[in-house]
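Residue numbers (this note's numbering), protein chains in the order written: chain G, 3 to 192; chain R, 3 to 192; chain P, 3 to 192.
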C-alpha cells in the first residue's frame, strides 16, 4: 500500500483523537509549570526615606534579583530620597519619635542629636560589614532591578531627572506601577 | 438507516472519547484564563493616619478600581483616621521625627510647627493639582472600592459609626479581612 | 474467548486513549484545586518595633494560622523587638512625631511623656480586652506560626539567641525569607 493512500476511516479518527490528547497533555504540563513556578516577578512600592527603612526594599530587591527574579521598585513619596544621588548618602535615622532609640525625647530633640544617632547606626552598619545604601542601589541597578522614581513625587518635591542615579527610570506613575503588580507574584509596600 | 438506529459499538466508543476530550479542552482553556488573568481582586490593609501615608492606599485603590479590579481597603489602627469624616480633612504631616523634613528637631518641636509643615505640604499638593484626601476617599467610594473600618479599632479609639463617610463598611475585623486577602491576587499593607 | 487472549488491535488502541483521557481528567482536576485554593501559606516581614505596629503582624499571623494557613513572620530591624522577651513587654507608643496623638510636640517632648501616652494606650487595650503583645506572641507560637529573628539584625543590635522567646527561629536571613515568600500566596511587609 502506497503512503499516499488515505488511512481507513477508523484509523484516521483514532489518530485525530490521539493528537488532540497529546496536545492536551503538553498544554496541561505547561500550565502546571506556570502555576507552580509563578511569573518570577516582584514589585516593591518604597514610600519611606529614612536610613533604616531604605534597607528593606533594597535588600529584598537585590536578593530577589540574585534568585533570577524580574524586580521593579517603585519609589514614591519619601522613598524617592533613596534614588536621589546626593540625599541617599545622607539619609537619617530619627531618634525623636523613635521609641526604639534608647534616648529620652527631650534630649533627642536637641539640635544635632539626629546626627549623633545616625552616626552611631552608620558605624554599627560599617562594623558589621553591612553594605551602605549607595552600594545597595548600585548592586540593584547592576543586577537588573528596575528602580523607578514616581513622576508625581518628583514634581511635588521639585526634583529634577539629573538628581537621580544613572539608570533610574523616570516618567512613571501609579498606573504603570499597578500594572506591573498585576503581572507579579510578590507585591510589597515598604 | 434511520436516525433512531443506535450507532455501531465502535462509533459509540469513539464519540464518547471525543466528547470527553472536548470537555477537557474547554476546561483547560478556562483554567488557563483563570491562571493568567488572576482573580482581579486587591486588598490593602491601611494602618497609618498621617497626611503623607493616607495617599498610597487611596491612590493605589482608585487606580486598581479604574482598571476593573475589585478593591477592599481595611482601615485599622491609625488608618481609621482616613475614613473619619472630620479628622480626614485635617491629617497632619509631622516634622518632628521626620528626617525628610528640612528642619532641626528643636525648631520642629515648637508648638505650631507641625501645622506649618503640614500647611506647606498641603499647598504643594494643591499647586501640583494632586487630589485632596477627601476627594480620593469620595472617588474610591464612587468607583466601588469597599472602604472598611476595623471594628476593634473603632472601639479602641471610642469612635461611632456616624463619624465615618457615608458608604464606609463597619462591623468587620481581621478574620474577614484575611478571608478577602485569600481571594485576592494583590495584597499590600501600608 | 479466554481472558488471556489479547484484545483486538482496535480495542487496545481505544483502551489506551481512554486511560490517557482519564489521567488528564484527574490531573486537570488536581491543578484546578491547586489554583483555586492556592498554597495556603502567608509570609509577613515585620520591620517595626512600636506598640501600635507590633499588633498588625501578630493579629494577621494568628488569624491566618486559625484558618489553617502555614505562616512565617520574618522579624527584621525594629521588628526584632517584638521577639525580644524583655523588650516586647515594654514596647512604646511615641507621642512625639505621631500626629495621631492629641498632644502638641513641645509637651510631648517632655521627659516621661512617651510613657504617659503608652500607659494610656495600654489601659485602652486592656479595657477593650485586646490581647497583649506577649499573649499574641505566645498564641502565634502555640498555633504553629514560625516566628523568625533576622540574624543580620541580631548582630547589628548586639542581641543574643537567649534574648528571644523559646520557639523563635534564629540563624535565618533575607535569602530564606525570600524563598518562603516565593512559595506563599500572601506576602505582607509591616
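For each residue, glycine too, the CB sits at the ideal point set by N, CA and C.
As the structure is a prediction and not an experimental result, all values here were calculated from the model.
Spanning the alpha carbons of residue 42 of chain G and residue 140 of chain G requires a straight line of approximately 22 Å. Annotated as proximal: residue 95 of chain R and residue 120 of chain R, with beta-carbon spacing under 8 Å.
For residue 65 of chain G, the C-beta contacts it makes with chain P under 7 Å involve 176, 177 and 180, in order along the chain.
Three or more beta-carbon pairs separated by less than 8 Å link the stretch 42-60 of chain P to the stretch 68-85 of chain P, which places the two stretches in contact. Here residue 171 of chain G is bridged, per DSSP, to G:150. Boundaries of the beta strand (DSSP E) harbouring residue 76 of chain G: 72-77, taken from the DSSP string. For the C-beta of residue 37 of chain G, the chain R residues within less than 7 Å are, from N- to C-terminus, 37. For residue 166 of chain P, the secondary structure class from DSSP, reduced to helix, strand or coil, is strand.
DSSP places residue 190 of chain R in the uninterrupted beta strand (DSSP E) bounded by 188-191. Under the three-state reduction of DSSP output, residue 176 of chain P falls in the helix class.
A Cβ-Cβ separation of about 25 Å leaves residue 37 of chain G out of contact with residue 148 of chain G under the 8 Å criterion. Using a Cβ-Cβ distance cut-off of 8 Å, the stretch 146-160 of chain P and the stretch 11-26 of chain P are not in contact, since fewer than three pairs of beta carbons, one from each stretch, lie closer than that value. Counted as a single uninterrupted DSSP element, the alpha helix (DSSP H) harbouring residue 135 of chain P occupies residues 135-144. By the C-beta criterion, the stretch 174-188 of chain R is judged to be in contact with the stretch 42-52 of chain R, since at least 3 inter-stretch pairs fall below 8 Å.
About 6 Å separates the beta carbon of residue 136 of chain R from that of residue 91 of chain R, a gap short enough to meet the 8 Å contact definition.
Counting the other CB atoms within 10 Å of its CB gives residue 54 of chain P a total of 16 or more, which places it among the buried residues. For residue 83 of chain R, no Cβ of chain G is located within less than 8 Å of the residue's own Cβ.
Neighbours of residue 22 of chain P in chain G, taken as residues whose beta carbon is under 8 Å from its own, are 23 and 27 in chain order.
Of the candidates P:181, P:167, P:143 and P:160, P:160 places its Cα closest to the Cα of residue 130 of chain G. In this structure residue 158 of chain P does not touch residue 64 of chain P by the C-beta definition: roughly 28 Å separates them, more than the 8 Å allowed.
Chain-order list of chain P residues neighbouring residue 47 of chain R: 58, 62 and 190, by C-beta distance under 8 Å. About 7 Å separates the beta carbons of residue 12 of chain G and residue 12 of chain R, which is inside the 8 Å limit, making them a contact pair.
Using a CB distance cut-off of 8 Å, residue 12 of chain R counts as an interface residue toward chain P. Pairing residue 69 of chain R with residue 48 of chain R gives a Cβ-Cβ distance that is not under 8 Å. Within the stretch 119-142 of chain G, 120 place their CB atoms closer than 9 Å to a CB of chain R, listed in sequence order. The residue from P:66, P:166, P:145 and P:183 with its alpha-carbon nearest to that of residue 182 of chain R is P:66. With 16 or more other Cβ atoms inside 10 Å of its own Cβ, residue 50 of chain P counts as buried. Put simply, the CB of residue 54 of chain G is near chain P, with a gap under 8 Å to one of its CB atoms. Look at residue 93 of chain P: its C-beta is not under 8 Å from any C-beta on chain R. When P:28, P:22 and P:71 are compared, the shortest CA-CA separation from residue 145 of chain P is found for P:71. By a beta-carbon distance limit of 8 Å, residue 87 of chain G contacts residue 165 of chain G. Their separation comes to about 6 Å.
DSSP, read as helix, strand or coil, puts residue 45 of chain R in strand. Distance between residue 134 of chain P and residue 127 of chain G, taken at the CA atoms: about 32 Å.
Proximity of residue 15 of chain R to chain P, defined by a Cβ-Cβ separation below 8 Å, is satisfied. Residue 57 of chain G: member of the alpha helix (DSSP H) spanning 53-68, first to last residue.
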